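Protein chains: 2
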Amino acid sequence: MSSKGFKHDLFSQFARVGKAISNANRLELLEFIAQAERSVDELATVAGLSVANTSQHLQQLRQAGLVTSRKQGLKVYYRLSGEDVIILLDALRDVAERHLAEVDKLVNTYLTVKDDLEPVAREDLISRARQGIVTVVDVRPAEEFAAGHVPGAINIQLAELEKHLDAFEPEQEIVAYCRGPHCVLAFDAVSRLRAAGLNARRLQDGYPEWKTAGLPVETQQQDTQ
Amino acid sequence: MSSKGFKHDLFSQFARVGKAISNANRLELLEFIAQAERSVDELATVAGLSVANTSQHLQQLRQAGLVTSRKQGLKVYYRLSGEDVIILLDALRDVAERHLAEVDKLVNTYLTVKDDLEPVAREDLISRARQGIVTVVDVRPAEEFAAGHVPGAINIQLAELEKHLDAFEPEQEIVAYCRGPHCVLAFDAVSRLRAAGLNARRLQDGYPEWKTAGLPVETQQQDTQ
DNA sequence: TGACTATTCAAGTAATCACTTGAATATATG
DNA sequence: CATATATTCAAGTGATTACTTGAATAGTCA
Chain W
67 MSSKGFKHDL
77 FSQFARVGKA
87 ISNANRLELL
97 EFIAQAERSV
107 DELATVAGLS
117 VANTSQHLQQ
127 LRQAGLVTSR
137 KQGLKVYYRL
147 SGEDVIILLD
157 ALRDVAERHL
167 AEVDKLVNTY
177 LTVKDDLEPV
187 AREDLISRAR
197 QGIVTVVDVR
207 PAEEFAAGHV
217 PGAINIQLAE
227 LEKHLDAFEP
237 EQEIVAYCRG
247 PHCVLAFDAV
257 SRLRAAGLNA
267 RRLQDGYPEW
277 KTAGLPVETQ
287 QQDTQ
Chain G
67 MSSKGFKHDL
77 FSQFARVGKA
87 ISNANRLELL
97 EFIAQAERSV
107 DELATVAGLS
117 VANTSQHLQQ
127 LRQAGLVTSR
137 KQGLKVYYRL
147 SGEDVIILLD
157 ALRDVAERHL
167 AEVDKLVNTY
177 LTVKDDLEPV
187 AREDLISRAR
197 QGIVTVVDVR
207 PAEEFAAGHV
217 PGAINIQLAE
227 LEKHLDAFEP
237 EQEIVAYCRG
247 PHCVLAFDAV
257 SRLRAAGLNA
267 RRLQDGYPEW
277 KTAGLPVETQ
287 QQDTQ
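Top to bottom, those sequences are chains W and G.
Following the working numbering from start to finish, the first sequence increments by one per residue and tops out at 291.
Following the working numbering from start to finish, the second sequence increments by one per residue and tops out at 291.
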């Protein structure tokens with residue numbers, strides 16, 4: 067029966083995508099690519115891998131259809147091939163978080179702020195931002211912020227957070243976000259802001275999910291290069 | 067910095083789930099398990115694998131948190147650990163379908179009915195079934211049907227479809243479904259029904275997706291065993 | 001043109017994977 | 001208790017994976 071072979075061929079194709087997301091380094095690369103288009107050596111640096119190794123991983127991701135690349139001058143830039151990839155990654159995270167005890171342990175060890183307060187839902191943020199009762203803080207690096215961010219958000223690096231504490235009024239509600247649901251930067255920012263007596267919470271998930279939800283984003287013209 | 071290690075540990079956990087869905091045979095097992103709780107040798111038979119091999123795959127799936135098992139007498143029954151797993155599998159399928167040319171080619175070669183007519187949306191089926199203007203046909207094996215099906219659906223094996231042709235009125239709209247969006251059975255059924263001059267269409271996706279969408283399901287008491 | 005840079009290719013190695021085979025555990029039944 | 005059945009365990013094999021190293025390709029710029 068030909069359907070037998072068809073089914074197996076089809077599942078083999080699905081498995082190709084599974085293989086692409088079966089390696090921690092590739093998942094980390096995908097998270098970076100989800101923030102902004104990136105060149106190979108930027109990705110290698112940020113992920114802490116050799117350039118050759120990074121290039122090989124990226125080619126696997128491309129062959130699995132998860133990323134596309136374009137060459138501009140000397141550099142090759144990689145980006146996600148679609149928002150369905152973010153949905154897949156979130157589904158993966160979700161399953162791991164629900165069913166793997168190790169994830170819970172890790173999250174509870176490192177993200178201690180977590181249980182403190184529920185994150186702010188994306189929909190809530192829009193309405194509250196519209197009323198002007200909330201300040202949105204994007205704690206990602208400047209390049210990622212420039213490539214796209216929540217409208218009206220201000221970009222503050224974690225290292226410079228303390229310098230900006232005066233800028234916040236005690237009454238003001240602050241919402242911080244970064245790369246995704248488990249990005250340490252936002253957890254860290256919230257905990258420091260609270261330690262300074264401010265009213266801070268995390269946004270649900272991160273920028274890629276915000277964008278994938280179809281919510282408005284703002285980009286910033288890059289003056290450098 | 068400890069966050070570096072945390073991030074990598076976390077991605078390693080996500081990668082465990084990725085590994086579980088990185089093999090065609092495991093994906094096939096998951097599709098069967100998604101229909102109904104199954105014992106190891108049922109799964110081995112239906113997937114065409116040796117029992118030992120099947121057992122090993124199932125243990126990998128369990129360690130990745132995708133399935134759970136319970137022992138009853140001599141047999142061990144496996145089931146999905148949650149509906150989030152179906153969401154993950156559908157996200158995987160979706161990415162593969164959108165970005166891998168091979169999937170398109172396979173689908174167009176084997177599921178030629180595909181382009182003919184759009185499948186019926188789940189929401190549409192409910193309202194039309196309520197009006198009694200549609201007959202829903204479940205073409206999966208009897209055990210899978212018994213474990214759960216769309217309310218009011220009748221179970222007809224593909225092999226016996228021809229015998230039941232008289233039971234349908236020419237005016238009646240028929241909607242067929244089976245295991246998932248690429249399940250050949252439903253495509254096959256629709257094409258045969260149409261060949262007989264009947265008005266048949268496929269349901270969007272299959273039973274697991276119907277259930278995961280939170281729509282009502284009907285189960286049938288098994289008299290056997 | 002030639003020096004320089006970013007990326008990819010190719011070859012090699014240790015680790016892991018999928019599958020087989022045969023034995024070991026449980027659990028049920030006569 | 002002995003026997004049969006369902007599942008798991010353990011060891012072995014060939015294939016694949018992740019990563020390294022060093023060379024090959026393109027493209028840029030003086």
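For each residue, glycine too, the CB sits at the ideal point set by N, CA and C.
The structure presented is a predicted model; accordingly, all values stated were derived computationally and were not measured.
List the DSSP bridge partners of residue i.
| i | result |
| --- | --- |
| TYR221 of chain W | Residue identity check: residue 221 of chain W is Asn in the sequence provided, not Tyr. Note: ASN221 of chain W sits in a beta bridge opposite W:ASP204. |
| TYR176 of chain G | Looking at the DSSP assignment, TYR176 of chain G forms no beta bridge with any residue, so it has no partner. |
| SER105 of chain G | G:TYR143 |
| LEU96 of chain W | Note: LEU96 of chain W sits in no beta bridge, so no partner. |
| HIS215 of chain G | G:GLU284 |
| TYR243 of chain G | G:ASP204 |
| ASN265 of chain W | W:GLU239 |
| GLN197 of chain G | GLN197 of chain G is not bridged to any residue. |
| GLN10 of chain W | Outside the shown range of chain W, which is 67 to 291, sits residue 10 of chain W, and nothing can be said about it. |
| VAL133 of chain W | W:LEU146 |
| VAL186 of chain W | W:LEU269 |
Does residue i have its Cβ less than 8 Å from a Cβ in chain G?
| i | result |
| --- | --- |
| GLN101 of chain W | no |
| VAL200 of chain W | no |
| ASN89 of chain W | yes |
| GLU239 of chain W | no |
| GLY280 of chain W | no |
| PHE72 of chain W | yes |
| VAL169 of chain W | yes |
| VAL205 of chain W | no |
| TYR143 of chain W | no |
| ALA162 of chain W | yes |
Tell me which same chain residues have a C-beta within less than 6 Å of the C-beta of residue i, skipping the five on either side of it?
| i | result |
| --- | --- |
| ALA130 of chain W | ARG82, VAL83, ALA86 |
| GLN286 of chain W | ALA212 |
| HIS151 of chain G | Per the sequence shown, the amino acid found at residue 151 of chain G is Val instead of His. So the list reads LEU132, once near-sequence residues are dropped. |
| TYR143 of chain G | GLU103, SER105, ARG136 |
| ARG194 of chain W | VAL200 |
| LYS177 of chain G | Reading the sequence as shown, one finds Leu at residue 177 of chain G and not Lys. If we look at LEU177 of chain G and ignore the five residues flanking it on each side, its Cβ neighbours are PHE253. |
Under 8 Å between C-beta atoms, does residue i make it to chain W?
| i | result |
| --- | --- |
| ASP150 of chain G | yes |
| PHE80 of chain G | yes |
| HIS165 of chain G | yes |
| GLU94 of chain G | yes |
| LEU132 of chain G | yes |
| ALA252 of chain G | no |
| LYS277 of chain G | no |
| VAL256 of chain G | no |
| SER135 of chain G | no |
| ASP289 of chain G | Any reading at ASP289 of chain G must be qualified, since the residue scores a pLDDT of 41, below 50, and its modelled position is unreliable; the value itself is stated next. Not one chain W Cβ lies under 8 Å of ASP289 of chain G. |
| ALA219 of chain G | no |
Taking C-beta pairs closer than 8 Å, name the residues in chain W that residue i reaches, listed in chain order.
| i | result |
| --- | --- |
| GLU235 of chain G | Within 8 Å Cβ-Cβ: nothing; GLU235 of chain G doesn't reach chain W, min ~29 Å. |
| VAL112 of chain G | None at all; the shortest Cβ gap to chain W is about 11 Å. |
So residue i contacts chain W; which residues on that side make the cut at Cβ distance below 7 Å?
| i | result |
| --- | --- |
| ASP75 of chain G | LEU172 |
| LEU158 of chain G | PHE80, VAL83, GLY84, LEU154 |
Leaving out five residues before and five after residue i in sequence, what residues of the same chain have Cβ atoms less than 7 Å from its Cβ?
| i | result |
| --- | --- |
| ARG145 of chain G | ILE99, GLU103, VAL133, THR134 |
| LEU93 of chain W | ILE87 |
| VAL117 of chain W | VAL106, ASP107, ALA110 |
| PRO236 of chain G | GLY263, LEU264 |
| ALA279 of chain W | ARG188 |
| HIS123 of chain G | ASN91, ARG92, LEU95 |
| LEU227 of chain W | ALA255, ARG258 |
| THR290 of chain W | For THR290 of chain W, the predicted structure reports a pLDDT of 37, less than 50, and the residue's modelled location is therefore unreliable. A value from the coordinates is still provided. Correct list: empty, nothing qualifies. |
List the residues of chain G that residue i touches, going by C-beta distances under 7 Å, in chain order.
| i | result |
| --- | --- |
| HIS248 of chain W | LEU76 |
| ASP271 of chain W | Result: empty, since nearest Cβ-Cβ is about 15 Å, beyond 7 Å. |
| SER116 of chain W | Those do not exist, as SER116 of chain W stays about 16 Å from chain G at its closest Cβ, beyond 7 Å. |
| SER292 of chain W | The structure shown does not extend to residue 292 of chain W, since chain W spans only 67 to 291, so no value can be given for it. |
| ALA242 of chain W | Neighbours of ALA242 of chain W on chain G: none; closest Cβ ~15 Å, over 7 Å. |
I think residue i touches residue j, with their Cβ atoms under 8 Å apart; what is that distance to the nearest whole Å?
| i | j | result |
| --- | --- | --- |
| TYR243 of chain W | LEU224 of chain W | 13 Å between Cβ atoms; not a contact. |
| ARG245 of chain G | ARG206 of chain G | 6 Å |
If I measure Cβ to Cβ from residue i and keep anything under 8 Å in the same chain, skipping five residues before and after, which residues do I get?
| i | result |
| --- | --- |
| LEU191 of chain W | VAL200, VAL202, VAL216, VAL241, LEU269 |
| ALA333 of chain G | Past the edges of chain G, shown from 67 to 291, lies residue 333 of chain G, and the structure says nothing about it. |
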